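Its first residue numbered 1, the sequence shown is counted upward by one per residue in full-length UniProt numbering.
From the three backbone atoms N, C-alpha and C, an ideal C-beta is built for every residue, glycine too.
Just so we're clear, the structure is a prediction, and the values are computed from it rather than from any experiment.
These notes concern the structure reproduced below.
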Amino acid sequence: MVRMLQNLNLIRAFEETVLELSGEGLVHGPAHSSIGQEGAAVGAMAAARPGDQINGTHRAHHQFLAKTLNHVSPSTYDPLAGPLAEPMQAVVQRTLAEVMGLEQGYCGGRGGSMHLRSRESGVVGTNAIVGGGVPIATGVAWSRKRLGQGDVVISFFGDGAMHQGAVAESFNLAALYNLPILYFVENNQYAVSTTVQESTRETRLAARGQAYGIPAFTTDGMDPLAVKITTEKALSILRKGKGPVIVEADCYRFFHQNGPLPGSAFGYRSKEEEQKWRERDPPAYMAMRMIESGHLTKHETERLRDEAMAAVERAAENLLEPDGNRRRIKPNLWPSRSEVDHGVRGDMSEFDGVRYEEKEDHSGEVVERKFIDLVSGVMGRRMETDSRIFVIGEDVHKLRGGTNGATKGLAQKFPDRIIGTPITEGGFAGLAGGVAADGHFRPVVEFMYADFIYVAADQVFNQIAKMRHMFGGDLPVPLVLRAKVAAKSGYGSQHSMDPSGLFTQFPGWRIVAPSTPYDYVGLMNSALLCEDPVLVVEHIDLYQSVGPAPAEDL
Ligand SMILES: Cc1ncc(C[n+]2csc(CCOP(=O)(O)OP(=O)(O)O)c2C)c(N)n1
């Protein structure tokens, strides 16, 4: 409990400092304060294990700090014994550096306040698209379930995100696949200025669970211990393999959406309402309860608070220097300009030493083969040699290998690796993105027609395409997206487009468009080796074409 209180204090001091620095022009871009919501994050993270994974939204400093601080906190650490333990002090400084855009931050300063990621602590990466991170977290849960090591995922988001299709699609997929994920809603009562009542007729957000067969809890988000107990209950359901679960924590953001003014300054709520919630301010409330119950003296709670403030001050001092009567960032702490484009895509070192042969000098037997047979043939061959590969998409597990035979025979051979989905393009594309980013499996996503990619546009272009670069440049995202182009097939304007041009606008993607059976073998093999997302464009006009291709060597 003392550690929980100290995490509350640290987060509060951190957020106050960020607001101060922001006011001095030392934070580039928004910094959405979590002041008032610390209880939800600290309570939830007190129930999590080190191997558990989390992600969050634009407002995630509190969740990030709670998870990373717990991760490095030495087992012997006693917050009352003296200054903050060194690894925890480093977490505070690196987090502040990331928020300020500095090189020593978790993502080299590129992610900033809204894109915080720490692989080692189990923070998958926080997301600035409201609802956009939820399918990705769902994918991490899919990956962790397959790994079978008992890890679970906690996906934090706000009441506003509840109305996004991405969240609804994630609920459905997680329930369908029985995934170990806790959807943790911090209901702070407002999405910017819009109330829950203005957003939905069913204002009991946790009740959404019923529609998907997901058990749900509500809890008092201002009381960290209540949150801890509720989260423990939820996680015990997940750990028994009975996930997913929803937890809705009622809480309040004391300030406006962003910046140092209260919401009442913008007229969408009253000072009286704010005062009422402030009476249950999580750090003060927990300190008071611990004094009342005899766990701490008033003096001890004050010492803890003072040390938390001093720790954040030390971190800020290490990053700043005087500049006349102001402060400025130490110039040598900025990332180098040469790093700007680092990691838009990987360096392709995974291709070092790879065999490369043209048809004319192919070392094995070359025979006439049908294009479509190679689509299933190459996939089957690679699935034999690489157990990380799985295919996900609509009807890929049935018919005779999906609607065109691209997965012919594979569902029989690899029944748990050819995953048929409901019609939920954003949901399964995002899920695959999360799996790829988690680093244990290699998803192959099939879109029945390329035009359906637009339904999943956020996941395809905002998430999968940007993940590596956004989180600092070193995150592999090995995902293959097979898109069928059906031009001239009579399906009309919504089934006929080639998406390649659009993908070129999102340079995180690599694009290949094989036009012969021989090229298909090489290019699909390359796509399945690549550590970047690869779009494989397949024109269905080519499926029945015949041409020279390797007889065996796929
Ligand atoms: C898809 C999308 N729409 C709109 C926004 C702009 N926006 C950022 S935060 C926010 C409110 C989100 O409310 P909620 O989900 O309740 O989270 P909170 O800000 O309260 O933590 C909005 C509208 C966005 N970032 N992404």
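If we count the other Cβ atoms within 10 Å of its Cβ and call it buried at 16 or more, is residue i buried or exposed?
| i | result |
| --- | --- |
| T424 | buried |
| G243 | buried |
| Y356 | exposed |
| D281 | buried |
| D474 | exposed |
| Q32 | Note on identity: in this sequence residue 32 is His, with Gln being the wrong assignment. So H32 counts as buried. |
| F266 | exposed |
| E169 | buried |
| D306 | exposed |
| A310 | exposed |
| G353 | exposed |
| P74 | exposed |
| P135 | buried |
| S22 | buried |
| L80 | exposed |
| G294 | exposed |
| S338 | exposed |
| S270 | exposed |
| N178 | exposed |
| D159 | buried |
| G25 | exposed |
| E86 | exposed |
| Q194 | At residue 194 the sequence reads Thr, which differs from the Gln that was named. It counts as exposed. |
| Y518 | buried |
Assuming residue i is part of the alpha helix (DSSP H), what are its boundary residues?
| i | result |
| --- | --- |
| V375 | F371 to T385 |
| R59 | From DSSP, R59 is part of no alpha helix (DSSP H); its letter is neither H nor E. |
| D438 | E425 to D438 |
| V140 | G133 to L147 |
| G39 | E38 to A46 |
| E15 | V2 to G23 |
| A411 | L410 to K413 |
| E274 | K271 to R278 |
| I291 | P282 to E292 |
| F171 | G165 to L176 |
| S500 | S500 to T504 |
| V477 | No alpha helix (DSSP H) holds V477; DSSP gives it neither H nor E. |
| M468 | The sequence as given places Arg at residue 468; Met does not occur at that position. Note, R468: alpha helix (DSSP H), M467 to M470. |
Taking DSSP's pairing of strands, which residues face residue i in a bridge?
| i | result |
| --- | --- |
| K484 | E538 |
| Y543 | Partner(s): none; Y543 has no beta bridge. |
| R328 | E321 |
| Q53 | V153 |
| residue 564 | In the structure as shown, the chain begins at 1 and stops at 554. Residue 564 is therefore absent and cannot be evaluated. |
| R442 | I389 |
| R510 | V534 |
| Y190 | T195 |
| I246 | Y183 and A216 |
| R549 | For the record, residue 549 in the displayed sequence is Ala; it is not Arg. DSSP output for A549 lists V367 as bridge partner(s). |
| I418 | V391 |
| G158 | E186 |
| F255 | P262 |
| F64 | F64 is not bridged to any residue. |
| L529 | In DSSP, L529 forms no bridge with anything. |
| L399 | G402 |
Starting from residue i, trace the beta strand (DSSP E) in both directions and tell me its first and last residue.
| i | result |
| --- | --- |
| D223 | D223 -> no beta strand (DSSP E), and no H or E assigned at all. |
| L182 | I181 to N187 |
| G97 | Sequence inspection shows Ala at residue 97; the Gly mentioned does not correspond to that position. Careful: A97 lies outside any beta strand (DSSP E), inside the alpha helix (DSSP H) at E86 to V99. |
Within the present structure, is the beta-carbon of residue i separated from the nearest heavy atom of ligand 1 by less than 7 Å?
| i | result |
| --- | --- |
| V130 | yes |
| Y190 | yes |
| R208 | no |
| H115 | no |
| Q257 | yes |
| T57 | yes |
| F64 | no |
| R204 | no |
| A311 | no |
| R269 | no |
| A161 | yes |
| H362 | no |
| H32 | yes |
| residue 592 | Limits of the chain in this structure are 1 at one end and 554 at the other, which puts residue 592 out of reach. |
| A253 | One point to set straight first is that residue 253 is Arg, not Ala, in the sequence displayed. Yes, ligand 1 has a heavy atom inside 7 Å of this Cβ. |
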